[in-house]
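So in full-length UniProt numbering, spot 16 of the sequence shown is number 16, and the numbers just go up one at a time.
A virtual CB, placed ideally from N, CA and C, is assigned to each residue, including glycine.
Nothing here was measured: the structure is a model prediction, and the numbers come from that model.
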Amino acid sequence: MKRTFVIGVGLTTFDKPGTRAGDYPDWVREAGTAALEDAGVDYEHVRQAYAGYVYGDSTSGQRAVYELGLTGIPVINVNNNCATGSTALFLARQAVAHGVVDCALAVGFEKMQPGSLSAVYTDRTNPLDRHLGRMGEIRPRESAPFGPEMFGNAGRDHMARYGSTPDHFLWVAWKNHKHSVANPYAQFQTEYSLAEIAGSRVIHDPLTKLQCSPTSDGAGAAVIASEEFVRRTRCWDRAIEITGQSMVTDFESSFSAETDCMRIVGSHMSQEAADRAYREAGIRPEEVDVCELHDCFSTNEIITYEALGFAEEGKGHLLVEREATTYGGGGPVVNPSGGLIAKGHPLGATGLAQCAELTWQLRGDAGRRQVEGADVALQHNLGLGGAAVVTVYRRP
Numbered sequence: 001m002k003r004t005f006v007i008g009v010g011l012t013t014f015d016k017p018g019t020r021a022g023d024y025p026d027w028v029r030e031a032g033t034a035a036l037e038d039a040g041v042d043y044e045h046v047r048q049a050y051a052g053y054v055y056g057d058s059t060s061g062q063r064a065v066y067e068l069g070l071t072g073i074p075v076i077n078v079n080n081n082c083a084t085g086s087t088a089l090f091l092a093r094q095a096v097a098h099g100v101v102d103c104a105l106a107v108g109f110e111k112m113q114p115g116s117l118s119a120v121y122t123d124r125t126n127p128l129d130r131h132l133g134r135m136g137e138i139r140p141r142e143s144a145p146f147g148p149e150m151f152g153n154a155g156r157d158h159m160a161r162y163g164s165t166p167d168h169f170l171w172v173a174w175k176n177h178k179h180s181v182a183n184p185y186a187q188f189q190t191e192y193s194l195a196e197i198a199g200s201r202v203i204h205d206p207l208t209k210l211q212c213s214p215t216s217d218g219a220g221a222a223v224i225a226s227e228e229f230v231r232r233t234r235c236w237d238r239a240i241e242i243t244g245q246s247m248v249t250d251f252e253s254s255f256s257a258e259t260d261c262m263r264i265v266g267s268h269m270s271q272e273a274a275d276r277a278y279r280e281a282g283i284r285p286e287e288v289d290v291c292e293l294h295d296c297f298s299t300n301e302i303i304t305y306e307a308l309g310f311a312e313e314g315k316g317h318l319l320v321e322r323e324a325t326t327y328g329g330g331g332p333v334v335n336p337s338g339g340l341i342a343k344g345h346p347l348g349a350t351g352l353a354q355c356a357e358l359t360w361q362l363r364g365d366a367g368r369r370q371v372e373g374a375d376v377a378l379q380h381n382l383g384l385g386g387a388a389v390v391t392v393y394r395r396p
């Protein structure tokens, strides 16, 4: 495969549904234009575009991308639940790495409804029916929305098996909200105390409201290019290399008799995707300086520490006790953007926002969020139903 690079990124602010001016084509124009300007190239250089969204009509991707230009290029609509943005990135990188095109665009956007996610179509099989059914055999179903219930139950399993406590999960949310104060793109930019997070409304024990990612509106974009294109356009000063990337879907272990709620929400997918991405990049987990991971709920951040190899199985909460995953903690700084919990979670845009944050971090352009000396970055984006995408970035 050819070497591939992120040469431009763009992002809108993430906002509470219904409060952002304009509509999704306007947001893609804003994020896409920013990414092209960041790359120093015109839209005419883009040979394929991958447009990710979960909630929208067919060919919404074309309608959105047409705001950037009408050049007749293939526009592929992408939907992979919460991993949609990173799936668009995965496909754009594949096209460039295999020499299909020398420059591709990945965009992601979402216009969401307020409140917790729920099924849109009730006259057909729910794509999570096997996940929810197996979970219900392990822990009786409760009245909470399915997202907090699934990830809350994963946290309960971690506590029962490994000895973590609700306080460990509270700290994760405290950390990410604290990080978001320095992120002008974040939906939340308020530093909450541990007591405020613990005292917010319980959604599904041990998760309180401030430990759950909010629904959001917004868009993100990334321009992906080959080494030859980077050399020809002389944009080495902004190019960040993708040195490893993998997408993994569910295994039999997600539904087997031996499974637990952590596997049902993707811990094994994440572990395998990370292992493959590390092997391609030729690095070890301890070499990662900064990480954006899928903290849709605070419980999942600790479970994902273990899946990504930052801690041994069952010991992710010990990183919390050492405060290792924030600035000066000695481990990788995790979710300097504020993560999904504080930055927001417009499903189709989340993976592109993670890409943008890590690109800025490796360029040294993250402002008050900058992780000093960041050289290797890791992105983890998860979608139930299921897909886990892990990407390794490095300064070339």
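Q.
Within the continuous alpha helix (DSSP H) that includes L11, where are the two ends?
A. Numbered from its first residue, the sequence shown carries residue 11 at position 11. No alpha helix (DSSP H) holds L11; the beta strand (DSSP E) holding it covers 4-11.
Q) Applying the criterion that 16 or more other CB atoms from any shown protein chain within 10 Å of the CB defines a buried residue, is E228 buried or exposed? A) Here residue 228 corresponds to residue number 228 of the sequence shown, with the count starting at 1. When all chains shown are included, E228 counts as exposed.
Q: With DSSP as the reference, please indicate the residues paired to Y393 in a beta bridge.
A: Here residue 393 refers to the residue found at position 393 when the sequence shown is read from its first residue. Note: Y393 sits in a beta bridge opposite I242, A377.
Q: Kindly provide the ranges of any alpha helix (DSSP H) runs that are 4 or more residues long and lie completely inside the stretch 102-182, ordered along the chain.
A: 129-138, 146-162, 166-180
Q.
What does the Cβ neighbour count give for D23, buried or exposed, with the cut at 16 atoms within 10 Å?
A. Reading the sequence shown from its first residue, position 23 is the one you call residue 23. Classification for D23: exposed.
Q | I264, enclosing beta strand (DSSP E) - first and last residue | A | Counted from its first residue, the sequence shown places residue 264 at position 264. Run containing I264: none in the beta strand (DSSP E); it sits in the alpha helix (DSSP H), 261-264.
Q. On the three-state DSSP scale, how would you describe S226?
A. Here residue 226 is taken as the residue at index 226 of the sequence shown, counted from 1. Strand.
Q. Excluding the five sequence neighbours on either side, which residues of its own chain have a C-beta within less than 6 Å of the C-beta of N300, listed in chain order?
A. Position 300 of the sequence shown, counted from the start, is the residue given in the question as residue 300. The residues are F151.
Q. Just how far apart, CA to CA, sit M135 and N153?
A. Position 135 of the sequence shown, counted from the first residue, corresponds to residue 135. Position 153 of the sequence shown, counted from the first residue, corresponds to residue 153. The straight-line gap from Cα to Cα measures roughly 8 Å.
Q | Alpha-carbon to alpha-carbon, G386 and F14 | A | Within the sequence shown, residue 14 is the residue found at index 14, counting from 1. Within the sequence shown, residue 386 is the residue found at index 386, counting from 1. Whole-angstrom Cα-Cα distance: 24 Å.
Q) With residue 399 and Q379 assumed to form a contact (beta carbons below 8 Å), what rounded beta-carbon distance in angstroms separates them? A) Absent from the structure is residue 399, since the part of the chain shown begins at 1 and ends at 396.
Q. Taking the Cβ atom as the reference point for each residue, do G32 and L68 lie within a distance shorter than 8 Å?
A. Sequence index remark: in the sequence shown, residue 32 carries index 32 (1-based). Sequence index remark: in the sequence shown, residue 68 carries index 68 (1-based). Yes, they are a contact pair.
Q.
Using a Cβ-Cβ cutoff of less than 8 Å, which residues in the same chain neighbour L117 once the five nearest sequence positions on both sides are dropped?
A. As a position in the sequence shown, residue 117 is number 117, starting the count at 1. Contacts found: P145, F146, G147, T215.
**Q.** Closest residue to D5 among D237, G133, T208 (Cα-Cα distance)
**A.** Looking up residue 5 in the sequence shown gives position 5. Here residue 5 is Phe; the residue named in the question, Asp, does not match the sequence. Nearest of D237, G133, T208 to F5, Cα basis: D237.
Q) Rounded to whole angstroms, how far is the Cβ of T249 from the Cβ of S270, which I believe are closer than 8 Å? A) What you label residue 249 is simply residue 249 of the sequence shown in a count that begins at 1. What you label residue 270 is simply residue 270 of the sequence shown in a count that begins at 1. With 8 Å as the limit, T249 and S270 do not qualify as a contact, their Cβ atoms being about 11 Å apart.
Q | Contained beta strand (DSSP E) runs [length at least 3] in the UniProt domain "Thiolase C-terminal" (267-389), N- to C-terminal order | A | 290-292, 376-383
Q. What is the DSSP secondary structure of D26, counted as helix, strand or coil?
A. Here residue 26 corresponds to residue number 26 of the sequence shown, with the count starting at 1. Correct three-state label for D26: helix.
Q. Nearest to I341 by CA position, among E287, W171, G364, is which residue?
A. Within the sequence shown, residue 341 is the residue found at index 341, counting from 1. Nearest option by C-alpha distance: W171.
Q) Which residues share a DSSP beta bridge with G218? A) Against the sequence shown, residue 218 aligns to sequence position 218. For G218, which the question treats as bridged, DSSP gives the partners E110.
Q. Are the stretch 359-373 and the stretch 288-295 touching by the rule of at least three beta carbon pairs closer than 8 Å?
A. yes
Q. Measuring CB to CB, does Q187 end up less than 8 Å from K343?
A. Here the question's residue 187 lines up with position 187 in the sequence shown. Here the question's residue 343 lines up with position 343 in the sequence shown. In this structure, K343 lies closer than 8 Å to Q187 by Cβ.
Q: Determine the extent of the alpha helix (DSSP H) in which G61 is found, giving its start and end residues.
A: Taking the first residue of the sequence shown as position 1, residue 61 is located at position 61. Where G61 is concerned, the enclosing alpha helix (DSSP H) stretches over 60-65.
Q. Comparing alpha-carbon positions, which option in G56, R263, G309 lies nearest G383?
A. Along the sequence shown, read from residue 1 onward, the residue named residue 383 stands at position 383. Checked all of G56, R263, G309; the closest Cα to G383 is R263.
Q) Sorted by chain position, which residues of the same chain lie with C-beta nearer than 6 Å to residue 399's C-beta, five sequence neighbours on each side aside? A) Since the first residue shown for the chain is 1 and the last is 396, residue 399 is missing from the structure and cannot be characterised.
Q | Under the three-state DSSP convention, the category Y50 falls into | A | Here residue 50 corresponds to residue number 50 of the sequence shown, with the count starting at 1. Here Y50 sits in strand by DSSP.
Q: Return the first residue and the last residue of the beta strand (DSSP E) that I73 is part of.
A: Within the sequence shown, numbered from 1, the residue matching residue 73 stands at position 73. Element bounds for I73: n/a, residue is neither H nor E.
Q: Indicate the three-state DSSP secondary structure (helix, strand or coil) for H204 in the structure shown.
A: Stepping through the sequence shown from its first residue, residue 204 is reached at position 204. Strand.
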